[in-house]
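J.: Starting off with a structure, shown below.
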Amino acid sequence: MQASARVGRGIQERLGLRTTSGFLNWQRVLPHDEDEVADEVQIFEYEQQLDRAFLSKGSIIGLGFALMSPVLGMSTTINIGLDNGGPLTIVVGFLVCGVATWLCSLSLGEIVSRFPMELHGSSAMLAPHGYKLPCAWFTGWLMLLGNWTMSTSITFAGAQLVISLITMTNEQLISESFIMFFTVIVFYLIVTIVGLVNWKFASIVETVNKVCVYWIIYAVIFIDILLLLFHSGRYRSIKYAVTHFDNSRSGYSSAVMSFMIGFQQSNFTLQGFSMLPALADEVREPERDIPKGMSAAVITSGVAGIIFLLPIMLILPDVDVIFSNPKLLPIVYIFTKSTHSMFVSIFLVVMILGNLLFSGIGSMTTSSRAVFSMSRDRALPYSQLWSYVDVDSKHKVPRNSILLSMGVSYLLGLLALISTAAFNAFMGAAVLCLCSATCIPLLLVIISRRRALRGSPVKVRYRLGWPVNILSITWLLYTMVVICLPPKVPVTLKSMNYAILVYVMFLAGITLLYFRWGKGNFILPLIGEENRANTSEDAIQMQHFEDSK
């Protein structure tokens, strides 16, 4: 078996190098420092099947920016914030969520730096002896399900935006009873396009990710300027845009409860940072580029989001008027009501739809790589099929992993035709899965008293490591609780938040699959005979059989 070592440059190449940015510290370690050791990255003995230099650090930042695009994410979910407080919840909530998410990216970044691979491998390395297999299994499967459902939610939100654009030009073109049917058709078209780009046009993915940064920045600038220039009514004050709070539409008597629930909007937007470790196989220096890329993408998304949201709050129409047309997404109605110009409104929506292309392609990329990584460790039935890589193509891509991810999205999209509540529950479960998959390795770091991270090339400074880790775990658990709360009261069968039920269903399915398949087939990351001994006897025999071929 050809070994590929996920290691950074040698210590000799880093002598004298010292670069400090924020809480992240990349530096030469002095011999007398008792809390640190020389940079050390875990070596994994996998055959290198994907292109190691397929994605650059700039591309990782762009892809993370696409997954956390505030233009698309905050636009398509703005109804949550408007119902639960309005400007204060939307702007201040996004700011708080951005800071907390950045801390989470720092905590996750030092883990990826020490173990540069998909997170289930990190959990296997961090877990105590005897718990490695289940920890890796649940981390990997929760991350995979989170990737699938998050990818579906991104592309479906884009489909809703396309339908709103059509009905904005002619409200009679699509009747209200057929809106969901046409939304699903557009959704299928979008999934097909982003899937084919990842499969047939993989050579442009690097460029797409880099262009994404410029597109989103220019989209923020154009949308803000045009809204302020063409707004025909009175402008709100800065005080209103930041501090106004009205939760009368939510039905909650507690302002704190409404504010907490309003965080769902920002969490849906910014949770995508945890999907980036799936790309470790295709980055030249994943132990450095992915941690830095995650942190930079969160900061960029946070700053762009605040700049994007403030002008919208300054021209915000009355909330009751915004929800008066059920055929249009609230953000589209805000555009048309504020500018009174069909041309300008269409242009603004098209700017958001450009984000859809980048976000959709990026989410399909991470989803397919999560499938590939888990299949390589035999976590999925028919793993050999899903881990197949077309080596004859110009850019090696996991073709069947892409097709499986597309198929899952097609299947989930059908739920919208059956029940909107059921579909929304699966989309809410995306955040639950991603948060819990991120929590597992972070908890294992705390259990190990951070000893397992000694020598990470990218690391939170020692004195801040503990509080950053603890705050990250607290935020992720808090997010999981809030995401399960109903957005409005009184609760009906239609408005009930069923995300927790879907999440429990996921956990039950993962557990059942673990005992029926995982214990006998799933293997831990290949780092040598010592680690292989922690797998089940059947898995060891299968691994030795493969090694002997």
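Using my numbering, the first residue of the sequence shown is number 34, and each one after it goes up by one. Think of the CB as a built atom: it goes at the ideal place given N, C-alpha and C, for glycine as much as any other residue.
1. With DSSP run on the structure shown, which of helix, strand or coil describes Gly118?
2. Take Val195 as the anchor and find which of Ser287, Asn388, Phe171 has the nearest alpha-carbon.
3. Check for me: the alpha helix (DSSP H) holding Asp257 runs from which residue to which?
4. What three-state label does DSSP hand Asp322 in the structure shown?
5. Determine, for Phe292, whether the minimum Cβ-Cβ distance to residues of chain C falls below 9 angstroms.
6. Using only the alpha-carbon positions, how far apart do Arg549 and Gly97 sit?
7. Should Asn203 go down as buried or exposed, given a rule of 16 or more other Cβ atoms within 10 Å for buried?
8. Apply the 10 Å Cβ neighbour rule to His2 and answer buried if 16 or more other Cβ atoms are within range, or exposed otherwise.
9. Return the chain-ordered list of same chain residues with a C-beta closer than 6 angstroms to the C-beta of Ser140, the five sequence neighbours on each side being excluded.
10. Spatial neighbours of Tyr285 within its chain, please: C-beta separation below 7 angstroms, excluding the five flanking residues on both sides.
11. How many angstroms separate the CA atom of Trp174 from the CA atom of Tyr536?
12. Taking the beta carbon of Asp353 as the centre, do at least 16 other beta carbons fall within 10 Å, making it buried, or is it exposed?
13. Tell me the rounded alpha-carbon separation between Phe220 and Trp508.
14. Go ahead and label Lys233 buried or exposed: buried means 16 or more other beta carbons lie within 10 angstroms of its beta carbon, across all protein chains shown.
15. Apply the 10 Å Cβ neighbour rule to Lys325 and answer buried if 16 or more other Cβ atoms are within range, or exposed otherwise.
16. Near Gly335, what residues of its chain come up, given a Cβ to Cβ distance below 6 angstroms and the 5 sequence neighbours on each side ignored?
17. Let me know the beta strand (DSSP E) ranges lying completely inside the stretch 467-517, each 3 residues or longer, listed in chain order.
18. Using only alpha-carbon positions, find the residue among Leu477, Leu545, Val493, Gly461 that is nearest to Met513.
19. Between which two residues does the alpha helix (DSSP H) carrying His153 extend?
20. Let me know the secondary structure DSSP gives Leu88 once reduced to three states.
21. Consult DSSP for Val316 and reduce its assignment to one of helix, strand or coil.
T.: This is what the structure holds:
1. Correct three-state label for Gly118: strand.
2. From the listed residues Ser287, Asn388, Phe171, the smallest Cα separation to Val195 is found for Asn388.
3. Note, Asp257: alpha helix (DSSP H), 238-263.
4. The three-state secondary structure of Asp322, taken from DSSP, is helix.
5. Of the protein chains in this structure there is only one, and it is not chain C.
6. Roughly 35 angstroms between the two C-alpha positions.
7. Exposed.
8. Residue 2 lies beyond the range of the chain shown here (34 to 582); nothing can be said about it.
9. Within the same chain, Ser140 has close Cβ partners Leu475, Val501, Asn502, Ser505.
10. Within the same chain, Tyr285 has close Cβ partners Ser291, Val522.
11. Trp174 and Tyr536 have their alpha carbons spaced roughly 12 angstroms apart.
12. It counts as exposed.
13. For Phe220 and Trp508, the distance between alpha carbons rounds to 32 angstroms.
14. Looking at its Cβ environment, which holds fewer than 16 other Cβ atoms inside 10 Å, Lys233 is exposed.
15. By the Cβ neighbour-count rule, Lys325 is buried, with 16 or more other Cβ atoms within 10 Å of its own.
16. A distance below 6 angstroms between beta-carbons, with the five flanking residues on each side excluded, links Gly335 to the following residues of its chain, in chain order: Gly131.
17. List check, beta strand (DSSP E) in window: nothing returned.
18. Measuring from the Cα of Met513, the nearest candidate turns out to be Gly461.
19. Start and end: 152-159.
20. Three-state DSSP puts Leu88 in a strand.
21. Val316: strand per DSSP, three-state reduction.
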